[in-house]
Amino acid sequence: MDTQLDPMKDDLPLMANTSYMLVKHYVLDLDVDFKSKVIEGSIVLFFETGSQYRKTSSTGKECCQSQFDETCKIRASEPCHIPMINVSTCSSKPEYNDFAVSGKEEEATSDENSNHSNNEQASGISSSKDCCDIENHENKDFLLVLDCCDLSVLKVEEVDAAAVSGIEKFARSAKLTGVSKEPENLRNHIIHALVTLPADRWKEQQYYFTHCSQAPGCGDLLFTTGTWSLEIRKSGIQTPADFPHAIRIWYKTKPEGRSVAWTTDQSGRPCVYTVGSPINNRALFPCQEPPIALSTWQASVRTAAGFVVLMSGENSAEPVQLPEGILSWYYYVSMPMPASTFTIAVGCWQEVKHQSFKQTVAIETNTELSLPSSQADFRWHEEICGHVEYPCRFQNPAARLQAVIPYRVFAPLCLMESCEEYLLWLIPQCLSAAYNTLGTHPFSRLDVLVVPSNFSSLGMASPHIIFLSQSVLPGGSHLCGTRLCHEIAHAWFGLAIGARDWTEEWISEGFATFLEDIFWARAQQQLSHDEIKGQQELKALLRWRRLRDEVQNSEEELQVLRPKKENTGELSESGASVVKYGLKAEKIFMQVHYLKGYFLLRSLARTIGEATYLTSLRKFVLKFHGQLVLSQVLSLGLFLTFWEKKDPNLWIGSLNHRFWL
């Protein structure tokens, strides 16, 4: 190929220093303005001190200094900027100062050599070298780094969690442990007690998260914005342990921000939604992007009457009427997930419902009480899960027997008839087939939204919500069903079990492609065994031809399932890393990771037998749900399956020829 890969443009930097501080919960409070195409408001982040940091006399300085060096290296020659604000209280809306620190007027800057742009406010500090020099002169201050792009950050402040009514019980425990009486230490202890509450107190935890997010500010924090990051510090604070563990960021998105798309739906009405951008959600809210930063969230979103807000949330939100024709929608999640899985869609969506009540009852009755094909694999699961503590459905007896979770379908007005004809009746069949294959649904409900025509994929799965392209509807039940099965499969592989390193996307897409055939075969109860096998063989042939064409017409580096090879999963000392080729334009449209993963798994299933292989997948799901994994973990689990078959050589032969291609 003539084109050359450029790491400065093709790799996606993950800047957040998660080794020092880790976000445990986000509270978003946002307004959606379709006239200005801006989402504006605040986000409160609740932190826990990172796993790599311990409060000692020497490591604090060393860690912070190395962190500054790494930040400078990754940012290369990007400008560093210091916005100025004029805000007196947390309840008033921040205003952006029209002049930078140096007194010069702001100028728009861009990187002409990059395949992306991020116009920021120019200030008296003109380069990252200058920024790092400043930090080196003040290297006693700890620097918190968040992933951020295409956002106007207006203000950052510490939140006074100690001012919340009823929070005294957490303060009392601070006295028992001998925590310093300094207000900032007391506040941090309260946040620590809050984020570490046991799972059976999650409702109480959500309550106090909400009220802490509404608490007044207790001091502005210094911050700078760069192309890929937001950097925050508090003067005189030298260690992550002493840095504020609850901060509020006032910000607004930009119309050109790449995390969301402002468009019109198929009925010509305005809408905005997260499009699955390569930069994920960092242009929607400041966050920690690395997958290791598993967090919960809750969000209140306000918009004009007539609009419906759908979001990745456990609850089916009902709007609250506010003055002046404004509606407020509230969602939450209690299962920790990467921030990249947060999804929102705001539009004039219409819910698609069955016209016949009897038909609805019949469909749900036929599927709701179905049991997994191997009941023993699911009923004995009483041991403690391996993930961080949260209210897990795998430990809920009722959830373990729920073949079809509650679901809804939304679409633009003009597509409601097609959705009822081709899509609505398929969902319970596909959900039941997935349950019969893998067991407990990891998520408690599902919304399916047919998104606008500018959506560049056939589908996208997020917690509790699936986006489907309108292009699957004319294909009838087969195209609708197979795509739906693919996205449903991501609930287990991609969401409940995620890749610890995003370059190993085959873990998500390879399994979803393989499982879509299994799910769809079980959903088509009217077809014979031979008809099902004929479908699967034809799809395998078409996939092979697509894979062959991509291998022949793309850069070899983009075809590798583990492009970081032996460095896969490695992070810098601060937790910063890069997603290799994450911004490469061609990669967005490639299927090689889907298809190589699919053929690997198909070969393994044929070698040991499909029934045995699916049993091993069910065991893997039970063991690793709620966790992040690398290929090595998958390969070890499958190796043990081959070992049980008394022929590990089969594993070695299958793996060596296909896995690392």
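Just so we're aligned, residue 1 is where the sequence shown starts under full-length UniProt numbering, counting upward by one.
From the three backbone atoms N, C-alpha and C, an ideal C-beta is built for every residue, glycine too.
The model shown is predicted, which means the values in this text are computed figures rather than measured ones.
Starting from residue i, trace the beta strand (DSSP E) in both directions and tell me its first and last residue.
i, result
"Gln-627", "627-629"
"Thr-482", "That residue, Thr-482, is in no beta strand (DSSP E); its alpha helix (DSSP H) goes 476-489."
"Lys-252", "246-253"
"Cys-271", "270-274"
"Val-156", "151-159"
"Ala-162", "Where Ala-162 is concerned, there is no enclosing beta strand (DSSP E), given that its DSSP letter is neither H nor E."
"Gln-298", "295-304"
"Leu-310", "308-311"
From which residue to which residue does the alpha helix (DSSP H) around residue i run?
i, result
"Ala-512", "506-523"
"Lys-203", "202-213"
"Glu-184", "183-195"
"Ala-399", "397-400"
My guess is that residue i and residue j are in contact by the Cβ rule of under 8 Å, so how many angstroms apart are they, rounded?
i, j, result
"Ile-488", "His-625", "Between His-625 and Ile-488 the Cβ distance is about 15 Å, and since that is not below 8 Å, they are no contact."
"Trp-228", "Cys-149", "6 Å"
"Gln-238", "Thr-18", "Gln-238 to Thr-18, Cβ: 19 Å. No contact."
"Phe-511", "Cys-430", "The pair is not a contact, with the Cβ atoms about 16 Å apart (cut-off 8 Å)."
"Ala-304", "Asp-147", "About 30 Å; that fails the 8 Å criterion."
"Asn-465", "Asp-447", "For the sequence presented, residue 465 should be read as Ile rather than Asn. With 8 Å as the limit, Ile-465 and Asp-447 qualify as a contact, their Cβ atoms being about 5 Å apart."
"Glu-556", "Pro-563", "Contact flag wrong, Cβ pair sits at about 10 Å."
"Gly-597", "Thr-513", "7 Å"
"Leu-424", "Val-352", "6 Å"
"Phe-522", "Asn-454", "Rather than Phe, the amino acid found at residue 522 in this sequence is Arg. Rounded, the Cβ-Cβ distance is 33 Å, inconsistent with contact."
"Pro-183", "Leu-14", "Their Cβ separation, rounded to whole angstroms, is 33 Å, which puts Pro-183 and Leu-14 out of contact at 8 Å."
Looking at C-alpha atoms only, which residue of the options is the closest neighbour of residue i?
i, options, result
"Gly-166", "Leu-194, Leu-143, Val-156", "Leu-194"
"residue 663", "Leu-495, Gly-609, Tyr-581", "The structure shown does not extend to residue 663, since the chain is modelled only from 1 to 661, so the question has no answer here."
"Cys-385", "Asn-188, Leu-583, Val-579, Ala-199", "Ala-199"
"Thr-210", "Tyr-331, Gly-475, Ser-508", "Tyr-331"
"Leu-230", "Gly-268, Glu-318, Lys-155, Asp-265", "Lys-155"
"Lys-37", "Ser-462, Phe-307, Leu-12, Cys-271", "Cys-271"
"Leu-197", "Ser-334, Pro-290, Glu-182", "Ser-334"
"Gln-206", "Glu-509, Arg-543, Phe-342, Tyr-390", "Tyr-390"
"Gln-298", "Ser-312, Glu-184, Leu-423, Cys-480", "Ser-312"
"Tyr-208", "Val-309, Ile-249, Val-164, Arg-282", "Val-164"
"Lys-35", "Gly-217, Leu-515, Lys-203, Arg-269", "Arg-269"
"Glu-324", "Ala-339, Arg-302, Val-309, Pro-338", "Arg-302"
"Pro-278", "Ser-456, Leu-595, Phe-599", "Ser-456"
"Val-27", "Asp-141, Leu-12, Pro-13, Ser-213", "Ser-213"
"Ser-51", "Arg-548, Gly-575, Gln-591, Arg-602", "Gly-575"
"Ser-259", "Asn-280, Gln-627, Gln-552", "Asn-280"
"Phe-243", "His-189, Gln-266, Pro-290, Gly-257", "His-189"
"Asp-220", "Asp-517, Glu-573, Glu-157, His-490", "Glu-157"
"Val-159", "Leu-413, Arg-545, Ser-42", "Ser-42"
"residue 671", "Leu-310, Pro-336, Ser-300, Glu-417", "For residue 671 there is no data in the structure shown, the boundaries of the chain being 1 and 661."
"Leu-461", "Arg-233, Val-275, Trp-202, Ser-152", "In the sequence on display, residue 461 carries Ala and not Leu. The option with the nearest alpha carbon to Ala-461 is Val-275."
Does DSSP put residue i in a helix, a strand or coil?
i, result
"Trp-502", "coil"
"Trp-228", "coil"
"Cys-287", "strand"
"Arg-408", "strand"
"Lys-37", "coil"
"Met-460", "strand"
"Cys-218", "strand"
"His-387", "coil"
"Ala-16", "coil"
"Phe-68", "Low local confidence applies: a pLDDT of 35 at Phe-68 is under 50, so the model's placement there is unreliable, with the coordinate-based value given in what follows. The answer is helix: DSSP assigns Phe-68 an H, G or I state."
"Arg-233", "strand"
"Ile-279", "coil"
"Gln-536", "helix"
"Trp-492", "coil"
"Asp-141", "coil"
"Val-472", "helix"
"Lys-623", "helix"
"Glu-256", "coil"
"Leu-527", "coil"
"Asp-10", "helix"
"Ala-403", "coil"
"Asp-31", "strand"
"Glu-549", "Note on identity: in this sequence residue 549 is Asp, with Glu being the wrong assignment. It is helical."
"Ala-261", "strand"
"Phe-47", "strand"
Is residue i near the ligand FMN, going by C-beta to nearest heavy atom under 7 Å?
i, result
"Ala-523", "Ligands displayed in this structure: none; no statement on the ligand FMN is therefore possible."
>> My parser needs the alpha helix (DSSP H) runs of 4 or more residues fully inside the segment 551-620; what are they?
In response: 592-608
> Can you list, in chain order, the stretches of the beta strand (DSSP E) that have 3 or more residues and sit fully within the segment 313-354?
Replying inline: With a minimum length of 3 residues, the continuous beta strand (DSSP E) runs that stay inside the segment 313-354 are 320-322, 326-337, 344-347, 350-352.
> Along the chain, which unbroken stretches of the alpha helix (DSSP H) at least 4 residues long are found entirely within the segment 418-465?
Replying inline: 426-438
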